[in-house]
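I have placed the structure first, in the form of structure tokens, so that the comments after it can refer back to it.
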Amino acid sequence: MKKMISGIKPTGELHIGNYIGALRNFVKYQDDYDMYVFIANLHTITVPQDPIEINKYLKDAIALYLACGLDKDRSTIFLQSDVLEHANLGFILACHTYEGELDRMTQYKDKKAKGAEGLSAGFYTYPSLMAADILMYDADFVPVGDDQKQHVELTRDLAQRMNNRYGDLFTVPEPLISEVGARIMDLQDPSRKMSKSDQSDKGCIYLLDSPKKAAKKIMSAQTDSLDQVKYDPENQAGISNLLTIYAAIKNISLKEAEALFTDYRYGDFKKAVAEVVVELLETIQGRYNEIIETDIIAETLNEGKIKAQKLASAKLNKLNKTLGIQI
Ligand code: AQP
Numbered sequence: 002m003k004k005m006i007s008g009i010k011p012t013g014e015l016h017i018g019n020y021i022g023a024l025r026n027f028v029k030y031q032d033d034y035d036m037y038v039f040i041a042n043l044h045t046i047t048v049p050q051d052p053i054e055i056n057k058y059l060k061d062a063i064a065l066y067l068a069c070g071l072d073k074d075r076s077t078i079f080l081q082s083d084v085l086e087h088a089n090l091g092f093i094l095a096c097h098t099y100e101g102e103l104d105r106m107t108q109y110k111d112k113k114a115k116g117a118e119g120l121s122a123g124f125y126t127y128p129s130l131m132a133a134d135i136l137m138y139d140a141d142f143v144p145v146g147d148d149q150k151q152h153v154e155l156t157r158d159l160a161q162r163m164n165n166r167y168g169d170l171f172t173v174p175e176p177l178i179s180e181v182g183a184r185i186m187d188l189q190d191p192s193r194k195m196s197k198s199d200q201s202d203k204g205c206i207y208l209l210d211s212p213k214k215a216a217k218k219i220m221s222a223q224t225d226s227l228d229q230v231k232y233d234p235e236n237q238a239g240i241s242n243l244l245t246i247y248a249a250i251k252n253i254s255l256k257e258a259e260a261l262f263t264d265y266r267y268g269d270f271k272k273a274v275a276e277v278v279v280e281l282l283e284t285i286q287g288r289y290n291e292i293i294e295t296d297i298i299a300e301t302l303n304e305g306k307i308k309a310q311k312l313a314s315a316k317l318n319k320l321n322k323t324l325g326i327q328i
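This is the structure we're talking about:
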């Protein structure tokens, strides 16, 4: 069975971009692949965080994984920091990553371009840690939103570099990016990706938003004056984003979604989108409320940790021997 791995960094409450671009695909694939899904908690501290806040996001993220349909008996679900080998392999890979490669990573470049000062060394080198998260388990595929493509490309380069230098060490993974919903945009500014750490929350629908609040956000989403529901991201970014959200949740193509709304006025179209979003949130939140206070979270993480650790320690032993740093 082919292996798949992916993770989400709990820097805030998960949103429908995370759900559509990543989570729903993890759920879809868990029967056909040997699936590894982790909470990327080490990645959260590459920028300063409030420990109390981050701890809540962490717990919510695991509960939401389960509420969205991930199942501990069909997937290995674990906390990145529970498997110490991730940080260890991350350092080894950082020693094989060129400075120029890290300089070219979009998140680092964007922050630098905006004049950010005092960035941590951890923030600069996190792409090597991400490569470690993937290569540790010899994953064949990495299901991600399209903002993560660059990271998987660096991971592939590192795997090939290590394999050329030391022999066959790592499987070279491929990104798996879905056709619909690989980049959900901010509702208020559809030229920007929907993100958890945005300052204003009006453009972002969190999976734990009340259905009423979520519907309100959709009803006030930015549109245009063209008065036609068409998928045309260049000229109708807001409408195209709403169509994408609708199509992804209903699991239909963009063409099919477009055909449903010919002749619709924007207000009625938005109502239809709000309805499917509300239905989705109600289902997820119903399950979340059942899960959040139970032992299932601890059980899931414990089982996941044992399974992941076994593979990770074997991998790291082999690598350390190959590198000559183990007696
Ligand atoms: N807007 C999005 N549309 C589609 N997919 C998305 N993903 C994130 N935002 C969107 C996908 O969700 C997975 C987990 O992402 P992450 O949380 O690890 O990191 P991120 O991409 O940096 O997410 P955010 O929300 O933008 O977080 P912050 O604000 O902290 O940087 C990935 O597969 C990602 O592609």
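When we follow the working numbering, the leftmost residue of the sequence shown carries the number 2, and every step to the right adds one. Ideal Cβ placement from N, Cα and C applies to all residues, glycine included. Because the structure is a prediction, the values reported are computed rather than measured.
Taking the CB atoms as reference points, tell me whether Asn-242 and Pro-191 lie closer together than 8 Å. yes
Measuring from the CB of Ile-250, is there a heavy atom of the ligand ZN at a distance below 7 Å? In the structure on display, the ligand ZN does not appear, and the ligands it does have are the ligand AQP.
Would a C-beta distance cut-off of 8 Å place Gly-18 and Ala-41 closer than the cut-off? no
For Glu-102, tell me which candidate among Arg-162, Gly-22, Lys-231 and Leu-255 has the shortest Cα-Cα distance. For Glu-102, the closest of Arg-162, Gly-22, Lys-231 and Leu-255 by C-alpha to C-alpha distance is Arg-162.
Measuring only from the beta carbon, is Thr-107 closer than 7 Å to any heavy atom that is part of the ligand AQP? no
For Ile-240 and Lys-231, which I take to be in contact (beta-carbon distance under 8 Å), what is that distance rounded to the nearest angstrom? 7 Å
Let me check you understand the geometry: is the CB of Thr-12 closer than 7 Å to at least one non-hydrogen atom of the ligand AQP? yes
Which runs of the beta strand (DSSP E) spanning at least 3 residues fall entirely within the region 43 to 83, listed in chain order? 76 to 80
When DSSP labels each residue in this structure, what does Val-230 get in the three-state scheme? coil
Contacting residues, own chain, Cβ-Cβ under 7 Å from Val-84 (five flanking each side not counted): Cβ neighbours of Val-84 within its own chain (closer than 7 Å, five residues either side excluded): Lys-306, Ala-309, Gln-310 and Ala-313.
At the level of alpha carbons, what is the spacing between Glu-283 and Arg-25? One Cα belongs to Glu-283, the other to Arg-25, and the distance between them is close to 16 Å.
Taking only the alpha-carbon atoms, compute the straight-line gap between Phe-270 and Tyr-138 and give it to the nearest angstrom. 44 Å
If the criterion is Cβ atoms closer than 8 Å, does the pair Leu-244 and Ala-258 meet it? yes
Cβ neighbour criterion (16 or more within 10 Å) applied to Gly-119: exposed
Reducing DSSP to helix, strand and coil, say where Phe-39 ends up. strand
Kindly indicate which three-state DSSP category Pro-212 falls into: helix, strand or coil? If DSSP states are grouped into helix, strand and coil, Pro-212 belongs with the helices.
Own chain partners of Asp-225 with C-beta closer than 6 Å, once the 5 adjacent residues on each side are dropped: Gln-237
Bridge partners for Lys-4 per DSSP, in chain order? In the DSSP output, where bridge partners are listed per residue, Lys-4 has Asp-35.
State yes or no: is the C-beta of Val-38 nearer than 7 Å to some heavy atom of the ligand AQP? no
Bridge partners - Lys-316, DSSP secondary structure assignment: According to DSSP, which records beta bridges pairwise, Lys-316 is partnered with nothing at all.
If you count every other CB in all the chains shown that lies within 10 Å of the CB of Thr-295, and 16 or more means buried, which is it? exposed
Between the CA atoms of Pro-234 and Gly-93 - distance to the nearest angstrom: According to the sequence provided, residue 93 is Ile. The question's Gly does not apply to it. When rounded, the distance between both Cα atoms is 41 Å.
Along the chain, where does the beta strand (DSSP E) that runs through Pro-128 open and close? That residue, Pro-128, is in no beta strand (DSSP E); its alpha helix (DSSP H) goes 122 to 136.
Going by beta-carbon coordinates alone, are Lys-194 and Asp-228 separated by less than 8 Å? no
Close-in-space but distant-in-sequence residues of the same chain around Ile-55 (CB under 6 Å, 5 per side omitted): Thr-45
Residue range of the unbroken alpha helix (DSSP H) whose run includes Leu-282: 267 to 292
Report yes or no: do three or more beta-carbon pairs, one from the region 57 to 73 and one from the region 98 to 114, lie closer than 8 Å? Here the region 57 to 73 does not lie against the region 98 to 114, with fewer than 3 beta-carbon pairs under 8 Å apart.
Jot down the residue ranges of each uninterrupted alpha helix (DSSP H) in the region 136 to 197, minimum 4 residues, whole runs only, in chain order. 150 to 167
Same chain, Cβ closer than 7 Å to Gln-31, neighbours up to 5 away in sequence not counted: Leu-71, Asp-72, Arg-75 and Ser-76
Among Asp-210, Gln-50, Leu-15 and Ile-78, which residue has its Cα nearest to the Cα of Phe-39? Ile-78
Confirm the yes/no value for this check: CB of Gly-146, any heavy atom of the ligand AQP, distance under 7 Å. yes
If Ile-1 sits next to Val-143, beta carbons under 8 Å apart, how far is it from one beta carbon to the other, in whole angstroms? There is simply no residue 1 to check, as the chain begins at 2 and stops at 328 in what is shown.
State the Cα-Cα distance for the pair Ala-250 and Tyr-267, rounded to the nearest angstrom. For the record, residue 250 in the displayed sequence is Ile; it is not Ala. If I take the Cα positions, the gap works out to 19 Å.
Around the Cβ of Cys-333, are there at least 16 other Cβ atoms within 10 angstroms (buried) or fewer (exposed)? Residue numbering for the chain in the displayed model covers 2 to 328; residue 333 lies beyond these limits and cannot be assessed.
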